[in-house]
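The working numbering applies: residue 388 is where the sequence shown begins, and numbers increase by one. A short worksheet on the structure shown next.
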Amino acid sequence: MEQQDLNAEYGRIFGVVHYPTLFDKDDSAYSELRKEIIDTPRLFTSTNKLPFESIYDFSIEQEIDCNRDYLEQKPGNTDLYDVIVGIRNHVTTIITGILSVLGGYKQATETSQFTNPSKNNHVFWITKAGRCRAYGYFDKETKNFYIGVGSLISIIDDSDYIASSSYRNRHRLIDKYGVNIGNYVKIKKDVKCRTAVAAARYTLGAMVNLDLWKDSQGKTLYEVYPDYFFR
């Protein structure tokens, strides 16, 4: 009785009296059912989404860089960007060098404006013609390095440096303690830096290390303070 009711229900819906099922013992009925399944097109659609689809769309990003500062600082089209920034910095360096030569570097005036460092501080210098003329000192008590007041630091940044977190910190320093005097940025007061490496990078606007800091005898921080600086 139940089988007849199922067939009757199917006939009511699809307009046929009997629909073969797998319960039919006749082989021809099974063949007829198979043919019916194959020949009858049915459209099945699903509106369900994968359970993780809303969590992350893999089409949004083609590449993940684990360096957060790099992602925040560097535009997507990095190759073209590096070329443009490199050309800009190169041209700026050339123009700055020409102006410095024509002005005799103004070294006499600029040097006279330096505040004489305390005799208790061992002074180190970073100098690069047309780029920077800065001095600093290491505080053994706090283990901080200071860029001295009156130091002349670079107005330009290397292209690879722009992508670093140090670049942001450098420009915060410039905004707070610097004065643009044309070819350089002049530091208005002693500026405390966490490390000598950071101070060197703020000075040059480049990914450099603390080897650039040298005293009047050409000694590095490694040589003067071996207990605090080691390779």
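Note that beta-carbon positions come from the ideal geometry of N, C-alpha and C, so glycine has one too.
Notebook entry, point to check: Taking just the CA atoms, how far does D614 sit from Y564?
Noted result: Numbered from its first residue, the sequence shown carries residue 564 at position 177. Numbered from its first residue, the sequence shown carries residue 614 at position 227. Their backbone Cα atoms lie some 31 Å apart in a straight line.
Next item on the list: For V572, write down the residues that DSSP places opposite it in a beta bridge.
Entry: Taking the sequence shown and counting its residues from 1, one reaches residue 572 at position 185. Note: V572 sits in a beta bridge opposite I540 and N567.
Checklist line | V585 (DSSP reduced to helix, strand or coil) | finding: The sequence position of residue 585 within the sequence shown is 198, counting from 1. In the sequence on display, residue 585 carries Ala and not Val. It is helical.
Check: Around the C-beta of T590, are 16 or more other C-beta atoms found within 10 angstroms, so that it is buried, or is it exposed?
Finding: Taking the sequence shown and counting its residues from 1, the one referred to as residue 590 is at position 203. Label assigned to T590: buried.
Margin query: Nearest by alpha-carbon distance to V510: which of D577, I549, D547 and R618 is it?
Written below: To locate residue 510, count along the sequence shown from 1; it is residue 123. Here the closest residue by C-alpha is D577.
Check: The alpha helix (DSSP H) with V612 in it runs from where to where?
Finding: Counting from 1 along the sequence shown, the entry for residue 612 is found at position 225. Correcting the residue type first, residue 612 is Tyr in the shown sequence and not Val. Run containing Y612: none; DSSP gives neither H nor E here.
Check: Is there contact here, the stretch 602 to 612 with the stretch 534 to 554, by at least three beta-carbon pairs under 8 Å?
Finding: no
Notebook entry, point to check: Secondary structure at R618, three-state DSSP: helix, strand or coil?
Noted result: Numbered from 1 along the sequence shown, position 231 holds the residue referred to as residue 618. Coil.
Margin query: Would A583 and L608 be called neighbours here (beta carbons separated by less than 8 Å)?
Written below: Position 196 of the sequence shown, counting from 1, holds the residue named residue 583. Position 221 of the sequence shown, counting from 1, holds the residue named residue 608. Taking 8 Å as the Cβ cut-off, A583 and L608 qualify as a contacting pair.
Margin query: Contact defined as beta carbons within less than 8 Å: I believe G523 pairs with K573. What is the distance between those atoms, to the nearest angstrom?
Written below: In the sequence shown, the residue the question calls residue 523 occupies position 136. In the sequence shown, the residue the question calls residue 573 occupies position 186. No, G523 and K573 are not in contact; Cβ-Cβ is about 14 Å, not under 8 Å.
Margin query: By the DSSP assignment, the beta strand (DSSP E) with D526 in it spans what residues?
Written below: Position 139 of the sequence shown holds residue 526. From DSSP, the beta strand (DSSP E) with D526 extends over C519 to D526.
Check: What number of angstroms, rounded off, separates the C-alpha of F617 from the C-alpha of V611?
Finding: Walking along the sequence shown from the start, residue 617 turns up at place 230. Walking along the sequence shown from the start, residue 611 turns up at place 224. If you take the alpha carbons of F617 and V611, they lie about 11 Å apart.
Notebook entry, point to check: Which residues mark the beginning and the end of the alpha helix (DSSP H) in which D602 is found?
Noted result: As a first step, residue 602 is located in the sequence shown; it is residue number 215 there, counting from the start. D602 -> no alpha helix (DSSP H), and no H or E assigned at all.
Item checked: Nearest to K575 (by Cα), restricted to the options G517, N507 and A521 -> By 1-based counting over the sequence shown, the position of residue 575 is 188. The shortest Cα separation from K575 among G517, N507 and A521 belongs to A521.
Check: Using DSSP with H/G/I as helix, E/B as strand and the rest coil, what is K515?
Finding: What you label residue 515 is simply residue 128 of the sequence shown in a count that begins at 1. Residue state, collapsed to three classes: strand.
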